[in-house]
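Below: the structure, in structure tokens.
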Amino acid sequence: MAPQRFHEQFEQIQRSMPDVPLAMGPDDSAEFIYEKGYVLVRDGEDARVVEDTVRAHFTAEPDLVQDHVRRASPQTNRSGITRVQVGDPGEGDRAGDRPVAHALRALRESEGRAGRRLVSRNHLVSIAVNSCPGDEPAPVAQADGLNPAPAEGTYDAESAIGVLVVDTGLMRDFRSSPLLAHTDGDAQIKECDDDGVLQQYVGHGTFIAGLVAAVAPNTGITVRNSLNDAGAILESEFGEKLFEAVDASGWPDILSLSAGTSNGRTDGLLGIEAFMRELRDQRTLLVAAAGNNGSATPFWPAAYADLPDYQDVVLSVGALRGDGEFGACFSNHGPWVKVYAPGERLTGVLTGFDAPMPYIYQHSTYDTCRYGFGYACTCVSPRHTGVLSEQGGGSTKPDQVMFEGLAHWSGTSFATPLVAGLIAAHMSTQQESDPRVARYKMLAANSGYAEVRGAHVAALRPGTWRPVPVLPPAPRS
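For the sequence shown, our numbering gives the first residue as 3, with consecutive numbering after it.
This is how it looks when you write it as structure tokens:
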């Protein structure tokens, strides 16, 4: 991701989480966002070792202060982790956090002796990994129809496949869409800000539920609003929210998740370690988005699909561009991404079927700049101009547009529910009760492939999905 886009994402999320000082890392490389002043550790003996080691290291360093080192959250919880404060989160800027960096460095020798990780940054897990361009819903006339179109089939409550979507929640009028007749869950907490502007990633959970329902009619879909801060949550809270989601409605057949983070490591996220262990002992299949940074760096939890203990448990999904032949330019990639599906310019349910709803809207520049990335970002915080910077900029005043129920949206966020839905549909048609077995059987029978960065990869394309034209790149200035 271009650094300027990453900075725009940072600003948007920081506004939605004003009480949590955030930094970019590592070393302002735009790889991830994390909480300033705190580290994550396992509770119990690990936490004691970390506190003692960091305090001793800071005491020995003349320009570090050990007065802040203390336990900052309950010593025990279901996620098995706790936050340890190591510095003043109000000090410094967003470019990094010296106390956190030194705390991680202080534990290197102890981690080497233990043969495992003891400490981690408290990463931000987010669906907003590439804020501009192309990740805002664009209104579509109902006459244009859904893409993918609803598959043939009926709903049967006794045999319906359970799909849990952990996301932003449901729009207040989602029941006005017939497609979402068998969807339930949490409401979107706040749809618009105080100025009436549609907030970032509002409708994301509704859109995903509609894609699952379109591909797999015989599904009971539950949407949770766990990611209500511009689609983001701290790693320290993420595991608890996942546990809460499955506690509320039981372990589903399929859990569709379109959020994650990179962390510069190859062994997963400390904050969801306990959840992943419990998931492994269930029959649920986690279908997770590979992320939108255009990077080969592992993105968690999707990258668990490449770890030996979780290869049966997690399926990671990348996105194909509009013609379905190649990887979308934004999609993460690499051998840890196990399957690709259409993820560009999908048309799904957003809101406003009973009465079309006017929204003040942050205009997207996606159609103009999806290829080039060779110019300054057009995002002007807190609005989008919708005009290329080199072409004279433009007004920061947003548009007011009418959503008549449907929208275009692009991202690995939306390739993920297509794959979740295809697995659910396979379970229904083949009367397969185990989603993990269904995943392998479906992929074994699949003859679809695409090209992603020169690699030949497995691709799943729903039968009711229609390719859309790919426009030539905009000329470089």
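Backbone N, C-alpha and C fix where the C-beta goes; we use that ideal spot for every residue, glycine too.
As the structure is a computational prediction, the values presented were derived from the model and not from experiment.
Quiz item: So the alpha helix (DSSP H) glycine 324 belongs to, where does it begin and stop?
Solution: From DSSP, glycine 324 is part of no alpha helix (DSSP H); its letter is neither H nor E.
Practice problem: Starting from the Cα of leucine 420, find the closest Cα among Leu229, Ser251, Pro219 and give me that residue. | Solution: Pro219
Quiz item: At what residues does the alpha helix (DSSP H) containing serine 184 begin and finish?
Solution: The sequence given here has histidine at residue 184, not serine. Premise fails: histidine 184 is in no alpha helix (DSSP H) and is neither H nor E.
Practice problem: Tell me aspartate 231's beta-bridge partners as DSSP assigns them. | Solution: Ala234
Quiz item: Based on Cα-Cα distance, which residue from Ala216, Ile83, Lys192 lies nearest to methionine 173?
Solution: Lys192
Quiz item: In three-state DSSP terms, what is alanine 378?
Solution: Because alanine 378 carries a pLDDT of 32, less than 50, the predicted location of this residue cannot be relied on, and no value is offered for it.
Quiz item: What do you get for glutamate 258, buried or exposed, if any count of 16 or more other CB atoms within 10 angstroms of its CB means buried?
Solution: A small fix is needed here, since residue 258 is serine in this sequence, not glutamate. The residue in question, serine 258, is buried, as its Cβ has 16 or more Cβ neighbours within 10 Å.
Quiz item: Under 7 Å from any heavy atom of the ligand FAD, does the C-beta of arginine 85 make it?
Solution: Questions concerning the ligand FAD fall outside what the structure shown contains, since it holds no ligand whatsoever.
Quiz item: In chain order, what residues of the same chain have a beta carbon less than 6 Å from the beta carbon of glycine 222, not counting five sequence neighbours either side?
Solution: Ala162, Gly164, His184
Quiz item: Around the C-beta of cysteine 381, are 16 or more other C-beta atoms found within 10 angstroms, so that it is buried, or is it exposed?
Solution: The predicted model places cysteine 381 with a pLDDT of 36, which falls under 50 and marks its position as unreliable, so this point remains unresolved.
Quiz item: So which of Ala74, Ser333, Leu181, Phe245 has the shortest CA-CA distance to proline 152?
Solution: Leu181
Quiz item: Looking at the structure shown, is proline 419 part of a helix, part of a strand, or coil, going by DSSP?
Solution: helix
Quiz prompt | Beta-carbon proximity of glycine 2 to alanine 290, cut-off 8 Å | solution = Residue numbering for the chain in the displayed model covers 3 to 479; residue 2 lies beyond these limits and cannot be assessed.
Quiz item: Just checking my contact of glycine 171 with valine 86 at CB under 8 Å: how many whole Å lie between their CB atoms?
Solution: That belief does not hold up - the Cβ atoms of glycine 171 and valine 86 are roughly 31 Å apart, past 8 Å.
Self-check item: Sequence-distant residues of its chain with Cβ nearer than 7 Å to valine 292 (five each side left out)
Solution: The sequence shown places alanine at residue 292, rather than the valine named in the question. The answer, listed in chain order, is Phe301, Ala304, Ser318, Val319, Gly320, Ser333, Asn334, Val339, Thr414.
Quiz item: Which of the three DSSP states, helix, strand or coil, is assigned to glutamine 433?
Solution: coil
Practice problem: Quick one: using the 10 Å Cβ neighbour count with 16 as the cut-off for buried, is tyrosine 442 buried or exposed? | Solution: exposed
Quiz item: When the distance is taken between beta carbons, is glycine 205 closer than 8 Å to proline 28?
Solution: no
Practice problem: Decide yes or no for the touch test of the segment 239-253 against the segment 95-103: beta carbon pairs closer than 8 Å, at least 3 of them. | Solution: no
Quiz item: In chain order, what residues of the same chain lie with their CB nearer than 7 Å to the CB of asparagine 124, ignoring the 5 residues before and after it?
Solution: Tyr36, Glu37, Tyr40, Val41, Leu42, Arg85, Leu236, Glu237, Ser238
Exercise. Could you spell out where the alpha helix (DSSP H) holding glutamate 275 opens and where it closes?
Key: 275-282
Quiz prompt | Simplified DSSP assignment, three categories, for glycine 222 | solution = strand
Quiz item: With glutamate 53 and arginine 73 assumed to form a contact (beta carbons below 8 Å), what rounded beta-carbon distance in angstroms separates them?
Solution: 7 Å
Quiz item: Thinking C-beta only, is valine 167 closer than 8 Å to alanine 211?
Solution: yes
Quiz item: DSSP puts tyrosine 342 in a beta bridge; with which residues?
Solution: Gly320, Ala461
Quiz prompt | glutamine 202, DSSP secondary structure in three states | solution = coil
Quiz item: Beta-carbon of alanine 25 versus every beta-carbon of chain D: anything under 8 Å?
Solution: This model lacks chain D altogether; it includes just one protein chain.
Quiz prompt | Nearest-angstrom Cα separation, counted from serine 112 out to threonine 208 | solution = 46 Å
Quiz prompt | Buried or exposed by the 16-neighbour rule on C-beta atoms within 10 Å, applied to threonine 78 | solution = exposed
Exercise. Give the C-beta separation of alanine 189 and asparagine 227 to the nearest angstrom, bearing in mind that I take them to be a contact with Cβ-Cβ under 8 Å.
Key: 7 Å
Practice problem: Could you give the DSSP three-state label for glutamate 239: helix, strand or coil? | Solution: helix
Quiz item: For glycine 324, does the count of other Cβ atoms within 10 angstroms reach 16, so buried, or fall short, so exposed?
Solution: buried
Practice problem: Could you check which residue in Tyr342, Gln313, His410 has the C-alpha nearest to that of valine 351? | Solution: His410
Quiz item: If we ignore side chains and look at the alpha-carbon of each, how far apart do leucine 462 and glycine 450 end up?
Solution: 6 Å
Exercise. Report, in whole angstroms, the separation of the C-beta atoms of valine 403 and alanine 234, which I expect to be a contact under 8 Å.
Key: Going by Cβ atoms, the distance from valine 403 to alanine 234 rounds to 25 Å, so no, they are not a contact pair.
Exercise. Assign valine 459 to buried or exposed, taking buried as 16 or more other Cβ atoms, counted over all protein chains shown, within 10 Å of its Cβ.
Key: buried
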